[in-house]
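Numbering (the working numbering), first residue to last: 741 to 1336.
A quick write-up on the structure given underneath.
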RNA sequence: GGGGGCGUAGUGUAGCGGUUAACAUGCCGGCCUGUCAAGCCGGAGAUCGCGGGUUCGAAUCCCGUCGCUCCCGCCA
């Protein structure tokens, strides 16, 4: 080794020892006859002093050294002079007095400062990702990611799971997201697909009798990007045999709790994780992945709203819609009329953006005997207002928001307003982690365009046993044995108990409009496998990137991936994708269209 | 596929019809033996993303285009 110690480990007890350190020059402070170098490696920073009087050769080299040079220093650890300690540094009570210095490699001036975590243009960070990764923020995130994955591997190993790799070159499944295709040289005109997830393979591993499988699996989906979506991402893919819904949920809950409490510096808000029925989540939060760090909830106030003289509410309820209200505790306290009006305007703009025609507001009187304020105050009699406030538990200083429209619009508004209000009021604390299970999903969603049912999870999800008859009579009411784990407003895992009987699987194919002949061509291997003794099984797939993002307090999964793609799915460092040689295309039997 | 934001020295920003294009930081040189956001002095560094247009005159206004980003669609 070119070093005897790391730059993060020397303390007062090492004083007097001769050590050799190696790393990067984080900063250099030149006092003339005395030069200070903050030497950085992955473990920390140690101050090196180079004294012209006692080490003239080392000093001459230190004089040449610049930021990000890679150097090796040999010297003596000593306590810093009294009053010169730096309590902000882990190694701040000591310094290394250099006797010799070697420049292992010089460095050009970097395009941005390594020692600063200030904001930078993303394109620049991605182009020089290897430099960006040197920065403290990225090192912290990447190492946290390692620890999370390490915890998962150890945890599942203790629970009897086997880690098994599955192919990256697999078969296209047009049902889901758009596939990344890989042309076959050996089979002209035919293509592999990169897996959107190892779904089929893990189920086949259950048929194969492994009973408990997991994989830290790379998944690929050729869809447009979001802050929490990349074309390739990593899932903890796992599957178990002879389990019911509760078994999977208990396992994941134990694992997630351990990760937050033992690996991260975040606070777990609720233990055990609350369980919310899909329909209830929509009604209360307008979302199937609600942020549960705060308890803003929407309430159905249709009855009282329709009794008021506000025509919009009356007509909407008559048309079969609901009027939803959300109480914001203290939301109006100390606010002037003009401040409330401005707030309302901003929130209403958000509601209109989601398709609502308006957003009403109301706040109880501050003084006894006073009048409620708000855009709809005059439509409620004192008794009606009192009943409304009673239903909502509203107290003076609270702000109440109302929305009514068709369910889809109301849900969208509920979700958007809830998130926005939480942001404004500082209710979403990034140091807190709030998990919640969403259960009892509908098995299908109606696809009006294609005039068929779409699976709301995926087409291997088993129906609730008691809802099996509904497949023939009323598929839209059938619930799936599906469970999603939400965290801080993101979906961080989704799973289900799978269908393990061929006749049920074929019935599902029929309902989603998949011709049986086509289904056999695409999934024949699955259907056939199910006939060779398939154990009841189920699984789940937590998204590692999103989980680590939340544990790191980041707003974007790029911050926890070493080499992410840009929003246009490009690698700005290597320049991928790129054109290829005509010879390569020829071997693959591919010709490009003129417009490519 | 659609909508919004951004693009000005290496970096982060200001300037928003007429400026010598400004500030901070970094970089280069000089001084300096207790600094740690070191300090002081001096210096270099920008065809204002790219292309076109309007104008006597464009970093500034308009159109197009490229890149980054956020959102909608999409994401079994």
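For every residue, glycine included, the Cβ atom is placed at its ideal position computed from N, Cα and C.
Asked: Cβ pair residue 815, residue 837 closer than 7 Å; Found: yes
Asked: Which of helix, strand or coil DSSP assigns to residue 873; Found: coil
Asked: Whole beta strand (DSSP E) elements within the stretch 1131–1163, 3-residue minimum; Found: 1139–1145
Asked: Start-end ranges of the alpha helix (DSSP H) lying completely within the stretch 1047–1095, minimum 4 residues; Found: 1051–1058, 1077–1093
Asked: Top-ranked residue by Cα proximity to residue 1253, from 1195, 1104, 1203, 1041; Found: 1195
Asked: Secondary structure of residue 1183, DSSP reduced to three states; Found: coil
Asked: As assigned by DSSP and simplified to three states, the class of residue 1172; Found: strand
Asked: Beta carbon of residue 1141 nearer than 7 Å to that of residue 1072; Found: no
Asked: Complete runs of the beta strand (DSSP E) confined to the stretch 1019–1050 [at least 3 residues]; Found: 1038–1040
Asked: C-beta atoms of residue 759 and residue 777 nearer than 7 Å; Found: no
Asked: Through-space distance from residue 1031 to residue 1159, alpha-carbon basis; Found: 8 Å
Asked: Strand pairing of residue 788, partner residues [DSSP]; Found: 777, 836
Asked: Start-to-end residues for the alpha helix (DSSP H) that takes in residue 1322; Found: 1322–1327
Asked: Residue environment, residue 1330, which counts as buried when at least 16 other CB atoms sit within 10 Å; Found: exposed
Asked: Separation of residue 1034 from residue 1010, as counted between CA atoms; Found: 11 Å
Asked: Environment of residue 1065 [buried if 16+ CB atoms lie within 10 Å]; Found: buried
Asked: Simplified DSSP state of residue 1123, which is helix, strand or coil; Found: helix
Asked: Inter-residue Cα distance where the pair is residue 1234 and residue 1223; Found: 6 Å
Asked: Separation of residue 1097 from residue 863, as counted between CA atoms; Found: 39 Å
Asked: Outcome for residue 1186 when other beta-carbon atoms lying within 10 angstroms are tallied against a minimum of 16; Found: exposed
Asked: Straight-line Cα distance separating residue 959 from residue 1322; Found: 29 Å
Asked: Classification of residue 982 by the beta-carbon crowding that lies within 10 angstroms, buried from 16 upward; Found: exposed
Asked: Cutoff 8 Å; reference residue 1267; Cβ partners in own chain excluding five residues on either side; Found: 1242, 1245, 1246, 1259, 1260
Asked: Unbroken alpha helix (DSSP H) run spanning residue 803, endpoints; Found: 796–804
Asked: Cβ-based neighbour list, residue 929, same chain, cut-off 8 Å, excluding 5 preceding and 5 following; Found: 1329
Asked: Three-state secondary structure assigned by DSSP to residue 1017; Found: strand
Asked: For residue 1201, the nearest candidate out of 1192, 1240, 1164 (CA to CA); Found: 1240
Asked: Ranges of the alpha helix (DSSP H) found wholly within the stretch 1287–1312, counting only runs of at least 4; Found: none
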